[in-house]
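Q:
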Amino acid sequence: MGGDGDGHPDGEPKRKEKLEGFAFWESIGRPKFVLAPMVDQSELAFRMMTRKHGVNLTYTPMLHSRLFVENPKKYKKENYESDPADKPCFVQFCGDDPETLLAAAKMAEKDFDAVDINLGCPQNIAKRGHYGAFLLEENDLLRRIVSTLHDGLSCPVTCKIRKVNSHNFQDTLNLAYDLQAAGCSVICLHGRTKEEKGHHTRIADWEAIKILKGRMDIPVIANGGVETYDDAIKCLEQTGVDAIMSAEGLLENPALFSGNTVSVDDLAAEYITFAEKYPPVQKGAVKSHLFRMLHPKLQVHTDLRAKLGKSHSFAEYKAVADEMRSRTMGPHHSQTGWYRRYRKNEPPRSGSRPTDHSSVPVSHAGASAAEQPQGRAEATEEEEGGEEEEGGDVSTVERESKRRCPDPNPCLAQRGEAWAAEGGERGGESGGKT
Ligand SMILES: Cc1cc2nc3c(=O)[nH]c(=O)nc-3n(C[C@H](O)[C@H](O)[C@H](O)COP(=O)(O)O)c2cc1C
Numbered sequence: 003m004g005g006d007g008d009g010h011p012d013g014e015p016k017r018k019e020k021l022e023g024f025a026f027w028e029s030i031g032r033p034k035f036v037l038a039p040m041v042d043q044s045e046l047a048f049r050m051m052t053r054k055h056g057v058n059l060t061y062t063p064m065l066h067s068r069l070f071v072e073n074p075k076k077y078k079k080e081n082y083e084s085d086p087a088d089k090p091c092f093v094q095f096c097g098d099d100p101e102t103l104l105a106a107a108k109m110a111e112k113d114f115d116a117v118d119i120n121l122g123c124p125q126n127i128a129k130r131g132h133y134g135a136f137l138l139e140e141n142d143l144l145r146r147i148v149s150t151l152h153d154g155l156s157c158p159v160t161c162k163i164r165k166v167n168s169h170n171f172q173d174t175l176n177l178a179y180d181l182q183a184a185g186c187s188v189i190c191l192h193g194r195t196k197e198e199k200g201h202h203t204r205i206a207d208w209e210a211i212k213i214l215k216g217r218m219d220i221p222v223i224a225n226g227g228v229e230t231y232d233d234a235i236k237c238l239e240q241t242g243v244d245a246i247m248s249a250e251g252l253l254e255n256p257a258l259f260s261g262n263t264v265s266v267d268d269l270a271a272e273y274i275t276f277a278e279k280y281p282p283v284q285k286g287a288v289k290s291h292l293f294r295m296l297h298p299k300l301q302v303h304t305d306l307r308a309k310l311g312k313s314h315s316f317a318e319y320k321a322v323a324d325e326m327r328s329r330t331m332g333p334h335h336s337q338t339g340w341y342r343r344y345r346k347n348e349p350p351r352s353g354s355r356p357t358d359h360s361s362v363p364v365s366h367a368g369a370s371a372a373e374q375p376q377g378r379a380e381a382t383e384e385e386e387g388g389e390e391e392e393g394g395d396v397s398t399v400e401r402e403s404k405r406r407c408p409d410p411n412p413c414l415a416q417r418g419e420a421w422a423a424e425g426g427e428r429g430g431e432s433g434g435k436t
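Here the working numbering is used: position 51 in the sequence shown is 53, and no number is missing along the way.
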């Protein structure tokens, strides 16, 4: 009989019974507020910071299963962050080969509470790599992927999907049924199709999410269109989901899920402290976060925007944040915030406009941001980020970035930034020129 008391008489180690679905959800404390997976942006430092402000489930950025398996040591060093304090946390992988995904997931399962499969990436690089949202119509393959991971892992497998198409929601439901039957423990639905990205971003379809929630026997997470705490509560109420996931709303306001108003200056300073404690493996992440949190003010204080663009050390980041604090004060919400950069005139979803005009920063000349020439913001985006990008495959994108960016640092416009095209982002302020 094999070694420890957990052994079967035939010597096979006995596997601990794996919790699934709602039993698993209970075991991780029935989280309500979720930080979305974001390449380069849901790094450990940001995960820990958002936890302090109400997030109770985090996701890692998407990891590429094949690249991970090909060179685990190098890939881990460059992309992988875990910490026992970051619990519960789901590690996300992309890929199209069940065995490769399983091999990659097995190297990570001990560090995380579940393994998530990315079925939402809408970018061309995912199309070329055959992963993300480009698998949404391949139900057979997805069933095999989920059941392989379900059988082979000691932790649950979860899926993050988008609406399969805009004309027949039954296709999305059928996919969700298939995933559930194959062993998926939690499903997250982003209420948009893969075509609804960038400037084609539409309001997220909460009605679809509500229908899905009504049909599933496993926990459902809603994603899309949450930019305020009121939105989050409204989405919970309207859809009946188990939890709400936010990406860009949290980038703009890491305290979104707390329901409290925290000044951008405090948030920026706090993030720098977290980043010092948990230095991101992707160095550009720090700058990128600061650009997003400080977005409305940086549109006015363009000298500080340039200074932040040139900053590389924590001391330099702090100097910019301190200078910004001394020039402007106020809560973070504003019509000019990051989340709304392409939809400034769109009415609020929840009725509670995130705008707080007291926060509209005052320029050197004394004019409010709203009074700045309209063309300025446009020019700013061109200056700062250039083109809208495709993204996803971290290493490939990094190679690309080295080819295309004059600077040796990975150009976020060509890495995680590209992901934000889901929500309409251009390469952006986040350090595209770093
Ligand atoms: C910078 C950035 C990186 C992203 N990276 C990922 C990722 O790695 N995996 C994933 O499933 N979705 C990724 N997404 C999509 C988000 O998780 C989320 O589905 C999308 O932004 C919609 O949510 P929101 O309306 O709250 O922003 C990314 C989004 C952004 C903005």
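By construction, the Cβ of each residue, glycine as well, lies at the ideal position given by its N, Cα and C atoms.
Would you say the beta carbon of residue 123 is closer than 8 Å to some non-hydrogen atom of ligand 1?
A: Yes.
Q: Taking Cβ positions, are residue 96 and residue 120 nearer each other than 9 Å?
A: It is a contact, given that the beta carbons lie within the stated cut-off.
Q: Cα-Cα, which of 195, 180, 174 is closest to residue 213?
A: Per the Cα distances, 174.
Q: Quick one: measure Cβ to Cβ for residue 53 and residue 60, integer angstroms, because I've assumed they're closer than 8 Å.
A: Indeed they touch by this definition, with Cβ atoms about 7 Å apart.
Q: Any chance the region 203–213 sits against the region 266–282, with 3 or more Cβ pairs inside 8 Å?
A: Verdict: no, contact absent.
Q: Assuming residue 46 and residue 158 make a contact with CB atoms under 8 Å, what is their CB distance in whole Å?
A: 21 Å between Cβ atoms; not a contact.
Q: Could you pull the DSSP bridge partners for residue 294 from this structure?
A: Bridge partners of residue 294: none, in fact.
Q: Per DSSP, residue 174 is paired with what?
A: DSSP, once it has assigned bridges, lists no residue as partnering residue 174.
Q: Give me the Cβ distance between residue 104 and residue 144, rounded to the nearest whole Å; I'm assuming they're in contact under 8 Å.
A: Not confirmed; about 14 Å, so no contact.
Q: Give a yes or no on whether the C-beta atoms belonging to residue 228 and residue 258 are separated by under 9 Å.
A: Their beta carbons are under 9 Å apart, which means residue 228 touches residue 258 by this criterion.
Q: For residue 189, tell me which candidate among 196, 198, 178 has the shortest Cα-Cα distance.
A: Checked all of 196, 198, 178; the closest Cα to residue 189 is 178.
Q: Considering only C-alpha positions, which residue in the set 36, 171, 306, 202 is nearest to residue 326?
A: The residue with the shortest Cα to Cα distance from residue 326 is 306.
Q: Consult DSSP for residue 118 and reduce its assignment to one of helix, strand or coil.
A: Residue state, collapsed to three classes: strand.
Q: Determine the direct distance from the alpha carbon of residue 237 to that of residue 2, and round the result to whole angstroms.
A: The requested residue 2 is not part of the displayed model; the chain covers only 3 to 436.
Q: Which residues bound the beta strand (DSSP E) around residue 191?
A: Element bounds for residue 191: 186–192.
Q: Entirely within the region 30–96 and at least 3 residues each: give me those beta strand (DSSP E) ranges in chain order.
A: You should have 35–37, 59–66, 91–96.
Q: For residue 239, count neighbouring C-beta atoms within 10 Å of its own C-beta (all shown protein chains included) and say buried if the count is 16 or more, exposed if not.
A: The residue in question, residue 239, is exposed, as its Cβ has fewer than 16 Cβ neighbours within 10 Å.
Q: Shortest alpha-carbon distance to residue 319 belongs to which of 253, 295, 302?
A: With distances taken between Cα atoms, residue 319 lies closest to 295.
Q: Identify the residues that DSSP records as bridge partners of residue 274: which are they?
A: According to DSSP, residue 274 bridges with nothing at all.
Q: Residue 225 lies in the beta strand (DSSP E); which residues open and close that run?
A: Run containing residue 225: 222–225, per the beta strand (DSSP E) assignment.
Q: Within this structure, are the beta carbons of residue 128 and residue 117 separated by less than 9 Å?
A: No, the pair does not count as a contact, with Cβ atoms beyond the cut-off.
Q: Decide if residue 201 is buried, meaning its Cβ has at least 16 other Cβ atoms within 10 Å, or exposed.
A: Residue 201 comes out exposed.
Q: Taking the alpha helix (DSSP H) that residue 245 falls in, what are its first and last residues?
A: Taken as a continuous stretch (DSSP letters only), residue 245 belongs to no alpha helix (DSSP H), being part of the beta strand (DSSP E) at 245–248.
Q: Looking only at its own chain, which residues have a Cβ that is under 7 Å from the Cβ of residue 184, when we skip the five neighbours before and after it?
A: Hits under 7 Å: 145, 148, 149, 152.
Q: Taking the beta strand (DSSP E) that residue 159 belongs to, which residues open and close that run?
A: Residue 159 -> beta strand (DSSP E) spans 159–164.
Q: Cutting at 6 Å between CB atoms, please list the residues of its own chain near residue 196, excluding the five before and the five after it.
A: Cβ within range, chain order: 124, 135, 164.
Q: Could you say which of 102, 243, 113 lies nearest to residue 85 if we only look at CA atoms?
A: Among 102, 243, 113, the Cα nearest to that of residue 85 belongs to 113.
Q: So, is residue 275 buried or exposed, given that buried needs 16 or more other C-beta atoms within 10 angstroms?
A: It is exposed - the Cβ of residue 275 has fewer than 16 other Cβ atoms within 10 Å.
Q: Pull up the distance between the alpha-carbon of residue 249 and that of residue 19, whole angstroms please.
A: So the two alpha carbons sit approximately 33 Å from each other.
Q: Could you please give the first and the last residue of the uninterrupted alpha helix (DSSP H) stretch that includes residue 322?
A: Residue 322 -> alpha helix (DSSP H) spans 316–329.
Q: Taking C-alpha atoms, which residue in 27, 50, 58 lies nearest to residue 247?
A: The shortest Cα separation from residue 247 among 27, 50, 58 belongs to 58.
Q: With H, G and I counted as helix, E and B as strand and the rest as coil, what does DSSP make of residue 265?
A: Of the three classes helix, strand and coil, the one that applies to residue 265 here is strand, per DSSP.
Q: Less than 8 Å separating the Cβ of residue 286 from some heavy atom of ligand 1?
A: Residue 286 Cβ: outside cutoff for every heavy atom of ligand 1.
Q: Applying the 10 Å Cβ sphere with the 16-neighbour rule, what's the burial state of residue 29?
A: Its Cβ having fewer than 16 others within 10 Å, residue 29 is exposed.
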